[in-house]
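Asker: All the letters of the sequence shown, read from the start, carry residue numbers 5 to 373 under this note's numbering. Beta carbons: idealized from backbone N, C-alpha and C, even for Gly. Before anything else, here's the structure in question.
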Amino acid sequence: MAGNGKDRRLHARTTTTPAYFRFRRSSLFLLSILVLLGIFTVALFLSQRQISAVDRDPFSRSQLFQVSEEKLWGSSLGYGYHPCAKPTSKYSAPEDWDRYITVKSNGGLNQMRTGISDMVAVARLMNATLVVPQLDKRSFWQDTSTFEDIFDEAYFIETLKGDIRVVKELPKELESAPRARKHFTSWSGSAYYEEIARLFKDNKVIHVPKSDSRLANNDLPLDIQRLRCRTLYQALRFASPIETLGKKLVAQLQSKGRYIALHLRYEKDMLSFTGCTYGLTDQEAEELKVMRENTNHWKMKGINSTEQRIGGFCPLTPKEVGIFLQALGYPKSTWIYLAAGEIYGGDAYLSDLRSYFPNLVTKVCLFSF
Ligand SMILES: *[C@@H]1O[C@H](CO)[C@@H](O)[C@H](O)[C@H]1NC(C)=O
Ligand SMILES: *[C@@H]1O[C@H](CO)[C@@H](O)[C@H](O)[C@H]1NC(C)=O
Numbered sequence: 005m006a007g008n009g010k011d012r013r014l015h016a017r018t019t020t021t022p023a024y025f026r027f028r029r030s031s032l033f034l035l036s037i038l039v040l041l042g043i044f045t046v047a048l049f050l051s052q053r054q055i056s057a058v059d060r061d062p063f064s065r066s067q068l069f070q071v072s073e074e075k076l077w078g079s080s081l082g083y084g085y086h087p088c089a090k091p092t093s094k095y096s097a098p099e100d101w102d103r104y105i106t107v108k109s110n111g112g113l114n115q116m117r118t119g120i121s122d123m124v125a126v127a128r129l130m131n132a133t134l135v136v137p138q139l140d141k142r143s144f145w146q147d148t149s150t151f152e153d154i155f156d157e158a159y160f161i162e163t164l165k166g167d168i169r170v171v172k173e174l175p176k177e178l179e180s181a182p183r184a185r186k187h188f189t190s191w192s193g194s195a196y197y198e199e200i201a202r203l204f205k206d207n208k209v210i211h212v213p214k215s216d217s218r219l220a221n222n223d224l225p226l227d228i229q230r231l232r233c234r235t236l237y238q239a240l241r242f243a244s245p246i247e248t249l250g251k252k253l254v255a256q257l258q259s260k261g262r263y264i265a266l267h268l269r270y271e272k273d274m275l276s277f278t279g280c281t282y283g284l285t286d287q288e289a290e291e292l293k294v295m296r297e298n299t300n301h302w303k304m305k306g307i308n309s310t311e312q313r314i315g316g317f318c319p320l321t322p323k324e325v326g327i328f329l330q331a332l333g334y335p336k337s338t339w340i341y342l343a344a345g346e347i348y349g350g351d352a353y354l355s356d357l358r359s360y361f362p363n364l365v366t367k368v369c370l371f372s373f
């Protein structure tokens, strides 16, 4: 592509245009200006008529902006996106590497999931065997669940057999062996990890204390990208009690027709961490500030919440989400499933959203139906 562009530029520079041709070009230019002017005038006339129609009759405004059902719900077709988790024909089976990566996954569930899929790809890049990751128990939720509680561990190990070797635990003889500890540099590509693999020269085990280093998105081998997808969408299946519960929830929702699953990102820890206090009371803003100051592993302390919001770094408030969804054209009767944790301020703020969309449900109330 780049080569083509260069050729075209060279060509343009070396071609000279004969005089008569130049004349023909300029008259063509004039003609197109006239045509454009004509189109513009007609368009202006039509839009004026529409505007005055709206002024006369306020109801025609809503008709003008009415969005079809198909447009409102059409994204279920995924705009032509399709799964690409299958390995290419060049992909080879892994060897049984006798060197190991142990990982402590950090963050909330979503962050841990992406982190784990990155670590699977990293283990493949580094020709290492992955020990089943440990999940974060320190974060806001104080969740003591293990990998096995949340995910189907046997299925994870089995599904990745053609990609990397995954073991439940380090072999006995390595449990007390010295390990290299490595915080990976964020957004690194394959060259970085191949370089890091040198640490295996002196250690059989590399320990990774955080999994959120986010593997690069560009310039990775296609099969590594596909491996990430395979891990996220196939290997990381929830443990069967969670899977069963989730299916029940979805069936409940589907029995009501179409619904929106909404993650507001309006939880206490999120607002405290980002310093987003717009629309909250002074006491609430203070409570969030104190929480931020007392959470050691959050590095940013002094945040100007006005600047955060102006900069576009804050979630919409529940009320703004109501206004936004209504403006997109969703009718008031639309069912909304609140897929988030506990909303900060509880019903005081949630009721703002409920006034736009009364059919608002959470997992808890879905079960009491
Ligand atoms: C991993 O193994 C492959 C195939 O044996 C080899 O080409 C590659 O250089 C190895 N990479 C590392 C980081 O050891
Ligand atoms: C926060 O930022 C806003 C906008 O830049 C500014 O007007 C305000 O004085 C700042 N507040 C503090 C406490 O610094």
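Ligand 1 and residue 130: does any heavy atom of the ligand fall closer than 7 Å to the residue's C-beta?
Answerer: For ligand 1, at least one heavy atom lies less than 7 Å from the Cβ of residue 130.
Asker: Assuming residue 358 and residue 319 are in contact, meaning their beta carbons sit under 8 Å apart, how far apart are those beta carbons, in whole angstroms?
Answerer: Not really, about 18 Å apart at Cβ, beyond 8 Å.
Asker: Classify residue 249: buried if its beta carbon has 16 or more other beta carbons within 10 angstroms, exposed otherwise.
Answerer: Exposed, since its Cβ has fewer than 16 Cβ neighbours within 10 Å.
Asker: Have a look at residue 45 and residue 123 and give me their C-alpha separation to the nearest angstrom.
Answerer: With a pLDDT of 45 at residue 45, under the threshold of 50, the modelled position of this residue cannot be trusted, and the question is left open.
Asker: Rounded to the nearest angstrom, what separates residue 187 and residue 371 at their Cα positions?
Answerer: Cα to Cα, residue 187 sits roughly 42 Å from residue 371.
Asker: Cα separation between residue 108 and residue 138?
Answerer: Straight-line Cα distance between these residues: approximately 5 Å.
Asker: Please state the DSSP three-state secondary structure of residue 220.
Answerer: Note: residue 220 maps to coil in three-state DSSP.
Asker: Can you list the beta strand (DSSP E) stretches of 3 or more residues lying completely in the stretch 143-221, in chain order?
Answerer: The qualifying runs are 183-185 and 209-212.
Asker: Can you find a heavy atom of ligand 1 that lies under 7 Å from the Cβ of residue 220?
Answerer: Not so, every heavy atom of ligand 1 lies at least 7 Å from the Cβ.
Asker: Roughly how many angstroms separate the alpha carbons of residue 315 and residue 169, rounded to a whole number?
Answerer: Taking the straight line from one Cα to the other gives about 44 Å.
Asker: Just verifying my parser: in three-state terms, what is the DSSP assignment at residue 3?
Answerer: This structure leaves residue 3 out entirely; the chain is present only between 5 and 373.
Asker: On the premise that residue 157 lies in contact with residue 126, defined as a C-beta separation below 8 Å, what is that separation, rounded to the nearest angstrom?
Answerer: Contact doesn't hold; Cβ gap of about 19 Å is too wide.
Asker: Is residue 198 a contact residue of ligand 1, with contact defined as CB to any heavy atom under 7 Å?
Answerer: Checking every heavy atom of ligand 1 against the Cβ of residue 198, one is found closer than 7 Å.
Asker: Would you please state the rounded distance, in angstroms, between the beta carbons of residue 207 and residue 184? I believe it to be under 8 Å.
Answerer: With a Cβ gap of about 4 Å, residue 207 and residue 184 count as contacting.
Asker: Does DSSP classify residue 268 as helix, strand or coil?
Answerer: The answer is coil: DSSP assigns residue 268 none of H, G, I, E or B.
Asker: Please list the terminal residues of the continuous beta strand (DSSP E) segment that includes residue 347.
Answerer: Looking at the DSSP string, residue 347 is not in any beta strand (DSSP E), and its letter there is neither H nor E.
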